[in-house]
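Student:
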Amino acid sequence: MSNINGKVYALNVITPMKPWKTWILRVVFFALDHIKSMQSDLINLSFIEFARWVIVPRTAFPSLGQGQLKEDLKYDYLLFFSNFNGTWNQYIDAFSAVLSRGLNLIWRWSEKFPGSVPVTLFKEYIARVQFDTDYYYTAYPHATANDLKSAHIVQSSFDGFSAVAAQATPQQFADAYLRFVLQVQAHLGETGEPPVVG
Amino acid sequence: MANTNGNVYGLTILSPIIDDANATPSHDLQIRAYLAKLSTREDSPFAMAPGTHLARLVVMDDVIYVGMPSCEEHLKSKYLVFESNCDGDFNSYLTGLADSIASHLDAIWSHCVGYPAQGAADRQGFIAYMKACQLETTFYFAAVNDRSVPATLRALQTQAAVADFIAAHQGADPETVQRDFLDFAAQLSSLPPPPPGAMGRYRAIKTGGHNE
Amino acid sequence: MSKLNATDIQGFVLRGYNLPVARYLFLRLEDAQRERTLVSRLLNQITTGQRWDGGKPQSTLNIGFTFSGLQQLELPLATLITFPVEFQQGMRHRAELLGDTGVNSPDHWDAVWREDHVHVWLGINGQSVEALDACQAAVLATLDEAGGATLVGTQDAAAQVVDGKPTTSEHFGFTDGFGNPEYLGVERSSQPGQGKLLDDGKTWAPLATGELLLGYADEAGELPVAPVPHLLAANGTFMVYRKLHQNLATFRTWLDRQSALYGGGKEKLAAKLIGRWRDGTPIELSPDWPDPAIAQDPNRSTNFTYGADADGTRCPMGAHLRRVHPRDAFGFNGRLINRRRITRRGLPYGPFVGEDQPVADTDDRGVIFMGLNASISRQFEFVQQQWIQYGNDSHLGNDKDVLMGNHGGHGRFVIPGGTSPANPPFVCSHLPDFVELRGGDYFFLPSITALGMIALALVDPR
């Protein structure tokens, strides 16, 4: 069991919701999907590679027959899966510090949600409703979301520069090379092992 | 459709685990034991199959009771959660898995209710089974949504090599930089992308210059 | 925010004394009963945060305890286990997490720090070495009388004195001591750029008191995690003590060699490493030359942001100053960094040598770093691990702080530039270790009330 692989952490969270509130949450998500500014906060946080929320209505747990008992539940459930860089504490701290309004909109429909501020109660809640990952794979354990974005910038600059490098005279090359270096200079950080987890 | 974000597909599968009082150890524990021993690096099943950016497998024992005044309730089944962020669509991704790592899929999902008797070899049955276990993602976020796994690995390789090249050629005269760069670019483009799942920088190329 | 009770808070916590010399005494405790007597006798010698209306004293005295020290003093177990885990473990056991490995690993520390020898830190700051001697003599006399403890080590430190005036210069030649945060309720002349950025992205305000002191609201709008009972914690704080050796010969040689390749020249290269010219002028405000008018103007010397310099062509993303206090560099008007601020005390140790004088890395020379914070793990350890020994938040991958990083001959420092030959892009690789850790630990600096409770064995967990 490990929630961590290289530079990413796999967070799993499940919270119960009264079914009538689920519909409000669906509207919130519909809006979120269509409101760019709330999404941009997630992008600007810059340490989430992928994240998803999945509403599981109480009747919608997969039911395959063959002797499997049908679920009999009072609550709908909200599942949250995140793939983030950095430490658990850093992640929840950041969520609480800059996304509290958005998070409250998403989780306030869940039972006993204390609000995302102040952060200690929020952390206690997340810790309570978190369940652990048995197996976690990433194709690039040595890279964070920031590293990936840097790599893509370097790749496209490199492709553009390579296309003209061969035909250039040494002086033209020198000018183009400087422009290439200026394009990529802020994206040259090394990738590799993450810091040790405390 | 929230199962996709750009070109990335977000797969969410919940497979009920067989509840058999005669199984020792129980099926959920057998899944956990199998997963605990599975490599998470280059020889991970997901590294051998195409298209997985990040994926997790989780045995979900139950829902979680958050305390009074909410009600305590329990699931009747345990579920195996498979969350994957991948290239392609539902059919192409799962077909890729079935083509490459059928034995692992069978070893894991044979503990789940309704998994085809012939396992992943029964391609249609396998896809239909996964479809029956799939949940629709309500909201899906991806930091980068337009790059495939091979393109991403290649970009990481390029980034590391370019950084080394620039460092090694600082202050060199333009003729040398140009000559070395053309060599370097040719080498880099002929390299296969590095293996998925590998930790650490994959160094398959010398960047020349005065530091090597 | 009510007024702080300065008579209950140790002076060292509330203000930098600005006294030119210091001596730190390290005690090992041996007998709980007699140790408590010792604490009670030292109690009336401890300097509080009260204003010095009659001028600065000849010397000051302050006290802190390691977790082993508190165990020696026989605090109840129910209280001991409420201290934060990192404090219970001590700095030596946090080495891997902090990146204190290789030459910085505890195996290479001074002998006094290699085991749990140090239970008490006594900090003496003074006007003169004679004043330190006198204070130390008084402390040692008390120690002799009370017994229960032995002196296991001392460390002297002193500001560089130029023209009879103590300076804030350190051995590499940089002017230090600009960055300490302001806190609500802590009396100090206010300076823009030292607190937190407000939502307008321009105005600065003091940080919440609870980022420094236990028992007050912090930037998350709650009381910091603290040991119980509250009276033991309130008005106290935690201190990180680190003896940082500086390899001055390596630094000077490296700077000469690299600047021969760098179009911007030696002083600009030095400035890019730290984010300030050696006189203290922020390169963000004056990228081409040092400007004493800025460096010496409290309204300007810390009053800047990085929002207009996202690509780091003025101040590199990897510059020390920008790493440890990123201001608005991570967006959200600085809200991601307000709970990662640290108050630094401390002074250089070892002889100062002019640029033209010979130096060796083996010379005993460096800086005593003493960082005060309400949470060692959230503040100091986070900054050390994520921002000094790692670079992801600064979009620098695994790159470490060029000056403070534990490079071991690897590592990279990129100076982003432009098309001007005076500010070219420049990459430094294969970095040497400029600074090495020689030891230290985590200390709890209690309030005067809490010291009294400890002395009288009146700590009651609930």
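Chains as they are written, first to last, in the working numbering: chain S, 1 to 198; chain U, 1001 to 1212; chain A, 2001 to 2462. The C-beta atom is built at its ideal place from N, Cα and C for all residues, glycine as well. Predicted, not measured: the structure shown is a model, and the values here were computed from it.
1. Using a cut-off of 8 Å between C-beta atoms, extract the partners of A/Phe2426 located in chain U.
2. Relative to the ligand NAP, is the shortest distance from any of its heavy atoms to the C-beta of S/Gln39 smaller than 7 Å?
3. Going straight from the alpha carbon of A/Asn1973 to that of A/Leu2451, what length do you get?
4. Within 8 Å (strictly less), CB to CB, does A/Pro2416 reach chain S?
5. Helix or strand or just coil, what does DSSP make of U/Thr1137?
6. Less than 8 Å between the C-beta atoms of S/Val154 and U/Ala1098, yes or no?
7. By how many angstroms is the C-alpha of S/His152 removed from the C-alpha of S/Gln164?
8. With DSSP run on the structure shown, which of helix, strand or coil describes A/His2230?
9. Look up S/Glu190 in the DSSP assignment and give the residues it is bridged to.
10. Assess contact between the region 133-143 of chain S and the region 2375-2391 of chain A, defined as three or more Cβ pairs (one per stretch) separated by less than 8 Å. Is contact present?
11. Between S/Ser46 and the rest of its own chain, which residues show a CB-CB distance below 7 Å, the 5 nearest in sequence each way excluded?
12. From the beta carbon of U/Gly1208, is the nearest beta carbon of chain S less than 8 Å away?
13. Taking 8 Å as the CB-CB cut-off, is U/Ala1076 touching chain S?
14. Per DSSP, what kind of secondary structure is U/Gly1208 in: helix, strand or coil?
15. Going by the beta-carbon positions, is the gap between U/Leu1191 and U/Phe1082 smaller than 8 Å?
16. Using CA atoms only, rank isn't needed, just tell me which of A/Asp2053, A/His2117, A/Arg2276 and A/Arg2340 is closest to A/Arg2315.
17. Measure the C-alpha to C-alpha separation of A/Ala2422 and S/Gln172 and round it to an integer number of angstroms.
18. I want to see whether chain A comes within less than 8 Å of S/Asn146, judged by CB atoms only; does it?
19. Using a threshold of 8 Å, state whether the C-beta atoms of A/Arg2339 and A/Asp2163 are closer than that.
20. Can you grab the Cα-Cα spacing for the pair A/Ser2286 / A/Glu2267, in whole Å?
21. Please report whether the beta-carbon of A/His2395 lies at a distance below 8 Å from any beta-carbon of chain S.
22. Can you check the region 2057-2085 of chain A for any beta strand (DSSP E) of at least 3 residues that lies completely inside it and give the ranges in chain order?
23. Does any CB atom of chain U fall closer than 8 Å to the CB of A/Arg2257?
24. Closer than 6 Å by C-beta to A/Ala2226: which residues in its own chain qualify, once you throw out the five before and the five after it? Chain order, please.
25. Step through the CB atoms of chain S and report whether any lies within less than 8 Å of the CB of U/Asn1211.
26. Determine the extent of the alpha helix (DSSP H) in which S/Ser157 is found, giving its start and end residues.
27. Could you name the residues that DSSP lists as bridge partners for A/Lys2268?
28. Compare the C-alpha of A/Gln2136 against each of A/Gln2160, A/Ala2308 and A/Leu2027 and name the closest.
29. Suppose you measure from the CA of A/Asn2125 to the CA of A/Pro2181; what does that come to, to the nearest Å?
30. In terms of residues, what are the limits of the alpha helix (DSSP H) holding A/Cys2428?
31. Please tell me whether A/Val2414 and S/Gln183 are closer than 8 Å, where the distance is taken between their beta carbons.
32. Verify the CB distance criterion: does U/Ala1167 have a CB-CB separation below 8 Å to chain A?
33. From U/Ala1213 to U/Gly1096, what does the alpha carbon distance come to, in whole angstroms?
34. Could you tell me which uninterrupted alpha helix (DSSP H) segments, each at least 4 residues in length, are contained entirely in the region 1083-1160 of chain U, listed from first to last along the chain?
35. Can you tell me where the alpha helix (DSSP H) holding U/Val1008 begins and where it ends?
36. To the nearest angstrom, how far is it from the Cα of A/Gly2411 to the Cα of A/Thr2250?
Tutor: Judging by the given coordinates:
1. Here residue 2426 of chain A refers to the residue found at position 426 of the third sequence. Residues of chain U passing the Cβ test: Gln1170.
2. You won't find the ligand NAP in this model; it holds no ligand whatsoever.
3. For residue 1973 of chain A there is no data in the structure shown, the boundaries of chain A being 2001 and 2462.
4. Position 416 of the third sequence, counted from the first residue, corresponds to residue 2416 of chain A. By this cut-off, A/Pro2416 is an interface position.
5. For this step, residue 1137 of chain U is matched to residue 137 along the second sequence. Looking at U/Thr1137 - three-state DSSP - the assignment turns out to be coil, as it is neither helix nor strand.
6. By 1-based counting over the first sequence, the position of residue 154 of chain S is 154. By 1-based counting over the second sequence, the position of residue 1098 of chain U is 98. Cβ distance not < 8 Å, so S/Val154 and U/Ala1098 don't count as in contact.
7. One-based indexing of the first sequence puts residue 164 of chain S at position 164. One-based indexing of the first sequence puts residue 152 of chain S at position 152. The amino acid at residue 164 of chain S is misidentified as Gln; the sequence shows Val. Distance from the CA of S/Val164 to the CA of S/His152, rounded to the nearest whole angstrom, comes to 19 Å.
8. Looking up residue 2230 of chain A in the third sequence gives position 230. If DSSP states are grouped into helix, strand and coil, A/His2230 belongs with the helices.
9. For the purposes of this step, residue 190 of chain S is identified with residue 190 of the first sequence, where counting begins at 1. Checking the DSSP bridge columns, you'll see S/Glu190 partnered with A/Gly2397.
10. no
11. Residue numbering aside, residue 46 of chain S sits at position 46 when the first sequence is read from its first letter. Within the same chain, S/Ser46 has close Cβ partners Ala145 and Asn146.
12. Translated into the one-based positions of the second sequence, residue 1208 of chain U becomes position 208. With a pLDDT of 48 at U/Gly1208, under the threshold of 50, the predicted position of this residue should be treated as unreliable, though the coordinate-derived value follows. Not an interface residue.
13. The residue given as residue 1076 of chain U occupies position 76 in the second sequence. Checking the sequence shown, residue 1076 of chain U turns out to be Lys, not Ala. Closer than 8 Å to some Cβ of chain S, the Cβ of U/Lys1076 qualifies, so yes.
14. For the purposes of this step, residue 1208 of chain U is taken as the residue at position 208 of the second sequence. Only weak support exists for where U/Gly1208 lies, its pLDDT of 48 falling under 50; the coordinates are left without a value.
15. By 1-based counting over the second sequence, the position of residue 1191 of chain U is 191. By 1-based counting over the second sequence, the position of residue 1082 of chain U is 82. No, they are not a contact pair.
16. Taking the third sequence and counting its residues from 1, the one referred to as residue 2315 of chain A is at position 315. First, the residue type needs correcting, since residue 2315 of chain A is Cys and not Arg in the sequence shown. Selection A/Asp2053, A/His2117, A/Arg2276 and A/Arg2340 evaluated against A/Cys2315 yields A/Arg2276 as nearest (Cα-Cα).
17. Translated into positions along the third sequence, residue 2422 of chain A becomes position 422. Translated into positions along the first sequence, residue 172 of chain S becomes position 172. Approximately 21 Å, taken between the alpha carbons.
18. Working through the first sequence from its first residue, we reach residue 146 of chain S at position 146. It does; some Cβ of chain A falls within 8 Å.
19. Locating residue 2339 of chain A in the third sequence gives position 339, where the first residue counts as 1. Locating residue 2163 of chain A in the third sequence gives position 163, where the first residue counts as 1. Their beta carbons are not under 8 Å apart, which means A/Arg2339 does not touch A/Asp2163 by this criterion.
20. As a first step, residue 2286 of chain A is located in the third sequence; it is residue number 286 there, counting from the start. As a first step, residue 2267 of chain A is located in the third sequence; it is residue number 267 there, counting from the start. Approximately 13 Å between the Cα atoms of the pair.
21. Taking the third sequence and counting its residues from 1, the one referred to as residue 2395 of chain A is at position 395. Yes, A/His2395 lies at the interface with chain S (some Cβ there is under 8 Å from its Cβ).
22. 2059-2065
23. Start at 1 with the first residue of the third sequence, and residue 2257 of chain A comes out as number 257. No, A/Arg2257 lies away from the interface with chain U (no Cβ there is under 8 Å from its Cβ).
24. The residue labelled residue 2226 of chain A in the question sits at position 226 within the third sequence. Hits under 6 Å: Leu2214 and Ala2233.
25. Along the second sequence, read from residue 1 onward, the residue named residue 1211 of chain U stands at position 211. Because U/Asn1211 carries a pLDDT of 36, less than 50, the predicted location of this residue cannot be relied on, and the following value inherits that uncertainty. U/Asn1211 does not count as touching chain S.
26. Residue numbering aside, residue 157 of chain S sits at position 157 when the first sequence is read from its first letter. Where S/Ser157 is concerned, the enclosing alpha helix (DSSP H) stretches over Ala145 to Ala165.
27. To locate residue 2268 of chain A, count along the third sequence from 1; it is residue 268. Under DSSP, no beta-bridge partner is assigned to A/Lys2268.
28. Numbered from 1 along the third sequence, position 136 holds the residue referred to as residue 2136 of chain A. Answer by Cα proximity: A/Leu2027.
29. Indexing the third sequence from 1 puts residue 2125 of chain A at position 125. Indexing the third sequence from 1 puts residue 2181 of chain A at position 181. If you take the alpha carbons of A/Asn2125 and A/Pro2181, they lie about 21 Å apart.
30. Position 428 of the third sequence holds residue 2428 of chain A. Note, A/Cys2428: premise wrong, no alpha helix (DSSP H); beta strand (DSSP E) at Phe2426 to Ser2429.
31. Reading the third sequence from its first residue, position 414 is the one you call residue 2414 of chain A. Reading the first sequence from its first residue, position 183 is the one you call residue 183 of chain S. Not closer than 8 Å, so no.
32. Within the second sequence, numbered from 1, the residue matching residue 1167 of chain U stands at position 167. Interface residue, yes.
33. For chain U, the structure presents residues 1001 to 1212; residue 1213 of chain U sits outside this window and is missing.
34. 1090-1109 and 1123-1133
35. The residue given as residue 1008 of chain U occupies position 8 in the second sequence. For U/Val1008, no alpha helix (DSSP H) encloses it; the enclosing beta strand (DSSP E) starts and ends at Val1008 to Pro1016.
36. Position 411 of the third sequence, counted from the start, is the residue given in the question as residue 2411 of chain A. Position 250 of the third sequence, counted from the start, is the residue given in the question as residue 2250 of chain A. Distance between the alpha carbons of A/Gly2411 and A/Thr2250: 16 Å.
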